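See structure below.
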Amino acid sequence: MQVNSYLYVLMIVCSGLTLCVPTGNQTGLGSGNEVPPLLLVSFDGFRADYLNNYSFPNLEKFFSDGVLVHELTNVFTTKTFPNHYSLVTGLYAESHGMLANVMYDSVSNKTFSIKNDSDPFWWDEATPIWVSVEESGYKAAAAMWPGTDVSIQNHTLKHKFKYNPKMTFQNRLGNLTQWMTEDRSVKFSTLYWEEPDRSGHMYGPDNTTEMSRVLKEVDGHIGFLMEQLNRTGLWGKINVIITSDHGMTQCSQERVIKLDDCIHPSSYRVVDLTPVGAVIPLGDNSTVYKNLSRCHPHMKVYLKDEVPDRLHYKNNARIQPIILVADEGWTIVKNGRLPRLGDHGYDNTFPSMHPFLAAHGPAFRKGYKMSSLNSVDLYPLMCHLLGIPPKPNNGSFTYVRCALVNEQCGQLALAVGIVIGVLIILTTFTCLFKLMKNRDVSSSRPFARLELEEDDDDVPLLE
Ligand SMILES: [Zn+2]
Numbered sequence: 001m002q003v004n005s006y007l008y009v010l011m012i013v014c015s016g017l018t019l020c021v022p023t024g025n026q027t028g029l030g031s032g033n034e035v036p037p038l039l040l041v042s043f044d045g046f047r048a049d050y051l052n053n054y055s056f057p058n059l060e061k062f063f064s065d066g067v068l069v070h071e072l073t074n075v076f077t078t079k080t081f082p083n084h085y086s087l088v089t090g091l092y093a094e095s096h097g098m099l100a101n102v103m104y105d106s107v108s109n110k111t112f113s114i115k116n117d118s119d120p121f122w123w124d125e126a127t128p129i130w131v132s133v134e135e136s137g138y139k140a141a142a143a144m145w146p147g148t149d150v151s152i153q154n155h156t157l158k159h160k161f162k163y164n165p166k167m168t169f170q171n172r173l174g175n176l177t178q179w180m181t182e183d184r185s186v187k188f189s190t191l192y193w194e195e196p197d198r199s200g201h202m203y204g205p206d207n208t209t210e211m212s213r214v215l216k217e218v219d220g221h222i223g224f225l226m227e228q229l230n231r232t233g234l235w236g237k238i239n240v241i242i243t244s245d246h247g248m249t250q251c252s253q254e255r256v257i258k259l260d261d262c263i264h265p266s267s268y269r270v271v272d273l274t275p276v277g278a279v280i281p282l283g284d285n286s287t288v289y290k291n292l293s294r295c296h297p298h299m300k301v302y303l304k305d306e307v308p309d310r311l312h313y314k315n316n317a318r319i320q321p322i323i324l325v326a327d328e329g330w331t332i333v334k335n336g337r338l339p340r341l342g343d344h345g346y347d348n349t350f351p352s353m354h355p356f357l358a359a360h361g362p363a364f365r366k367g368y369k370m371s372s373l374n375s376v377d378l379y380p381l382m383c384h385l386l387g388i389p390p391k392p393n394n395g396s397f398t399y400v401r402c403a404l405v406n407e408q409c410g411q412l413a414l415a416v417g418i419v420i421g422v423l424i425i426l427t428t429f430t431c432l433f434k435l436m437k438n439r440d441v442s443s444s445r446p447f448a449r450l451e452l453e454e455d456d457d458d459v460p461l462l463e
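The sequence shown maps to residues 1 to 463 in the UniProt record's numbering.
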């Protein structure tokens, strides 16, 4: 009976495992073993609802034959560096250490900024996918994606550029397609473009004239991308993901929080300012905290340990003792005027902070739409597409697998799993019950026989 039970347990475990492994081949290729190349593109600051409010003929063509995820829940802080690193590591900011666009480390006395970003110290707490790709024996190529020109984990990409904002989109993409077509071992490429973020900051997302102009330009780049992939024979064979790091919201001179109005300038130092402030108190911590807490109804003030868990923004030595978070559309300054008309960095639950995602290629479903995904789920997806082992991460493959043509969707797989599991358990119990019943019947026979024998013996005595 014990052996039978083990067999049934084994069956249940095996059936569970069957539901967890891919139903098709790992890479999305129809046949053969070759992994299709993967191109990851980011248009900085592409807010999800731009898609509802502006016209994107090329982008629509791209996802009508692929996948569209309307909103991506990104990570806090909703800034460029933290989110680009989350996309390629699957980690929250507190886990990969790229916490903001401006950082300070009190132990080493080092400072990070957009213009001073190439010290591996800031990047080495995580392993981006391009390092794993090359460790797996493939090659990776990059055009300006944050961190790709840095030596991370002692690994320097050969196919990359030093960051140069003047390099055109066409030039960036042209180099990537050349590397991919000349060397078939280049399996992962990544491209970064600064718009519509730059215009969003400068004019504010409510400026429909300027946003319409820049979004038309961005859509033109997507059209060029499809043409270029077609010209080089890659279109249809390459998996392409187009996404962004964050959205953008309108700011106003009417919504400015001035810290110097609440606290003496000599009693604190700001490492980063808006919309998430990182403050180092100079002097008494509790007084600085108390004064900042009372500063403005549209600014939340947290001691590092009290930052809400859902923001995943406290378990890192680089997070400063006091964190300020402005309400949506509010700007924190030390003093002075509004620095820019549009901004991001706010709480990652605001839809205005969310980007979108679109995907096209042999691995992806066609004409498939999803309402939302977590941006950290992109990493396990990309590892799956490339057939490389993912590093520990905060993402999940459960829902993102729905976008793939060869995969059972997460909830469907779960429902089928539950039904099969229940059937197996019921069958197991029925069999066990029958076995026990049979054993009872067969085991009762010797006693019956003994009793009969005793009866036989007894009869003469009674008689
Ligand atoms: Zn920006």
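Just so you know, even glycine gets a beta-carbon here, dropped at the ideal spot from N, CA and C. Since the structure is predicted, the reported quantities are computational estimates derived from the model, not experimental observations.
With distances taken between CA atoms, Asp-49 lies nearest to Met-248 out of Leu-91, Pro-82, Met-248. By the C-beta criterion, the region 75–93 is judged to be in contact with the region 372–380, since at least 3 inter-stretch pairs fall below 8 Å. A Cβ-Cβ contact shorter than 7 Å links Asn-101 with Phe-81.
Just so you know, the alpha carbons of Pro-389 and Cys-383 end up roughly 6 Å apart. Comparing alpha-carbon positions, the option among Tyr-85, Tyr-54, Ser-106 lying closest to Val-270 turns out to be Ser-106. Secondary structure at Asn-154: coil, using DSSP grouped into helix, strand and coil. For Asp-197, the CB falls within less than 6 Å of some heavy atom of ligand 1. Apart from the 5 residues on each side of it in sequence, Thr-177 sits with its Cβ closer than 6 Å to the Cβ of Gln-228, Thr-232 in its chain, given in chain order.
The Cβ atoms of Pro-196 and Gln-250 lie no closer than 7 Å to each other. Between Lys-258 and Asn-154, the C-beta spacing is not below 7 Å. In this structure, Gly-45 has its beta carbon less than 6 Å from a heavy atom of ligand 1. DSSP lists Phe-43 as the beta-bridge partner residues of Trp-193.
In terms of Cα proximity to Gly-361, the closest of Thr-148, Thr-287, Tyr-203, Leu-404 is Leu-404. DSSP places Val-133 in the uninterrupted alpha helix (DSSP H) bounded by 129–135. Lys-166 and Thr-398 have their C-alpha atoms roughly 40 Å apart.
Secondary-structure assignment with DSSP links Gly-277 through a beta bridge to Leu-324. In this structure, DSSP gives Asp-124 a state outside helix and strand, which the three-state scheme calls coil. Using a C-beta cut-off of 8 Å, the region 237–247 makes contact with the region 351–365, since at least three inter-stretch Cβ pairs fall below that distance. Your pair Leu-292 and Val-301 checks out as a contact, with CB atoms roughly 5 Å apart and the cut at 8 Å. Contact between Gly-45 and Tyr-203 does not hold, since the beta-carbon distance rounds to 12 Å and is not under 8 Å. Taking the Cα of Val-279 as reference, the smallest distance to any Cα among Arg-213, Thr-349, Ser-352, Met-103 is reached at Met-103. In this chain, the alpha helix (DSSP H) harbouring Lys-216 covers 208–231. Closest in alpha carbon position to Gln-408, among Phe-364, Val-218, Leu-426, is Phe-364. Ser-372 is bridged by DSSP to Glu-71.
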